[in-house]
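Heads up: the structure comes next, in structure tokens.
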Amino acid sequence: MAAAAVVEFQRAQSLLSTDREASIDILHSIVKRDIQENDEEAVQVKEQSILELGSLLAKTGQAAELGGLLKYVRPFLNSISKAKAARLVRSLLDLFLDMEAATGQEVELCLECIEWAKSEKRTFLRQALEARLVSLYFDTKRYQEALHLGSQLLRELKKMDDKALLVEVQLLESKTYHALSNLPKARAALTSARTTANAIYCPPKLQATLDMQSGIIHAAEEKDWKTAYSYFYEAFEGYDSIDSPKAITSLKYMLLCKIMLNTRCPGFGEREACTSVCGEADRSIKMCGSGQQEQITGRF
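Using this note's numbering, read the sequence shown as starting at 357 and increasing by one per residue.
Given below as structure tokens:
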């Protein structure tokens, strides 16, 4: 059975670029198939199929199906190690939330996953999911809930070894306080995040988010446009390295800083690093660039 599943999985992969629907159907059949827990190869193929299927559903905009997949695979998670199960759940949930499909089920699905993690006594997974829930509360402007859950989580994480997750939650706390116009607390939370980050390796996305928030705080609180520009530039490079759409936002902030500094940056919109992220936003980026050169903030 495992050998047949391997062949099917390889066929699904070969169809990724030519027939996604056929690939999804094959992966669905592998995921729905019952397997023996002691068949390591079959378990591994099913795990890979779940991740591949989740990625395909996200790419094709099938948010409801992806949410259903996340619930469907829970019994299978008992067949793999806790570390692999945590990675699988986080990967699928991240794919679902990163779609920004606004299905209205994001918070509910996240809460369900947290309750499942609690019932299974998976502390590290529960903490990671709660950090994602804090981010969701922030995105939906439920700031008090974000601060309440975030403060509880921070107390736990300071006693644990997951410093990257601690930085993430400290950053969310800074963003939330900034959204509430409490700049002193926003800056204090950011300082804590940077202090923690200095002791670890930060993944590019987390480092870029840290630099972006640093730029925002310097611009909002101190009106230090030069320092803010340097942070936005670091954020731009970080986001660009992982093809994040947030690279465009950081690029616009860079241009705005140039306007506030009353300095010029000829050819900004034509630079290779800038044009590589423009895509459909190419026209607006060039307008921002010309607005910077002509000192016209209205073009933003």
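Glycine residues also receive a C-beta, built at the ideal position from the N, C-alpha and C atoms.
Identify, in the order they occur along the chain, each residue of the same chain with its Cβ nearer than 6 Å to the Cβ of residue i, setting aside the five sequence neighbours on each side.
i, result
"Glu626", "Note that Glu626 has pLDDT 48, beneath the 50 cutoff, so the model's placement of it is unreliable and no number is given."
"Leu661", "This structure leaves residue 661 out entirely; the chain is present only between 357 and 656."
"Ser379", "Ala368, Leu371, Leu372"
"Ala575", "Ala584"
Would the beta-carbon of residue i be found less than 7 Å away from any heavy atom of the ligand PLP?
i, result
"Val463", "This structure lacks the ligand PLP, and indeed carries no ligand of any kind."
Is the Cβ-Cβ distance between residue i and residue j less than 8 Å?
i, j, result
"Phe592", "Met616", "no"
"Leu521", "Gln569", "no"
"Tyr595", "Ala584", "no"
"Ser475", "Leu528", "no"
"Ala420", "Leu451", "no"
"Ser586", "Pro560", "no"
Since residue i contacts residue j with CB under 8 Å, what's their CB separation in whole angstroms?
i, j, result
"Leu510", "Glu486", "With a Cβ gap of about 11 Å, Leu510 and Glu486 do not count as contacting."
"Leu409", "Ala442", "That belief does not hold up - the Cβ atoms of Leu409 and Ala442 are roughly 19 Å apart, past 8 Å."
"Lys519", "Ile556", "5 Å"
"Glu364", "Ile386", "6 Å"
"Ser435", "Val399", "6 Å"
"Leu612", "Glu577", "Actually they do not touch by this definition, with Cβ atoms about 16 Å apart."
"Ile470", "Leu489", "7 Å"
Measuring CA to CA, which of the options is closest to residue i?
i, options, result
"Gln392", "Ala361, Pro559, Gln526", "Ala361"
"Leu444", "Ala555, Pro559, Lys582, Leu422", "Leu422"
"Arg448", "Leu407, Gln418, Asn434, Phe365", "Residue identity differs from the one stated: residue 448 is Leu in this sequence, not Arg. Nearest of Leu407, Gln418, Asn434, Phe365 to Leu448, Cα basis: Leu407."
"Leu383", "Ala368, Asp395, Leu372", "Ala368"
"Leu513", "Asp375, Ala549, Leu467, Asn394", "Ala549"
"Arg446", "Glu464, Gly460, Ala502, Leu426", "Leu426"
"Ser530", "Phe494, Ala564, Asp517", "Phe494"
"Asp599", "Ala564, Thr619, Ile573, Trp581", "Ala564"
"Ser405", "Gln366, Asp395, Thr374, Asn394", "Gln366"
"Gln526", "Lys515, Ser507, Lys614, Leu467", "Ser507"
"Glu396", "Thr374, Met516, Ala359, Lys388", "Ala359"
What does a CB cutoff of less than 7 Å around residue i pick up in its chain, not counting 5 residues either side in sequence?
i, result
"Ala553", "Val523, Leu566"
"Trp472", "Arg430"
"Tyr533", "Lys541, Ala542, Ala545"
"Tyr589", "Met610"
"Arg376", "Leu412, Thr416"
"Lys438", "Arg478"
"Leu536", "Tyr499"
"Lys582", "Leu617"
"Gln461", "Gly423"
"Thr374", "none"
Give me, in chain order, the residues of the same chain whose beta-carbon lies closer than 8 Å to that of residue i; leave out the 5 immediate sequence neighbours on both sides.
i, result
"Glu636", "Summary for Glu636: the model assigns pLDDT 49, below 50, so the residue's position carries little reliability, and this model does not support an answer."
"Ile573", "Ser530, His534, Leu539, Ala542, Arg543, Leu546"
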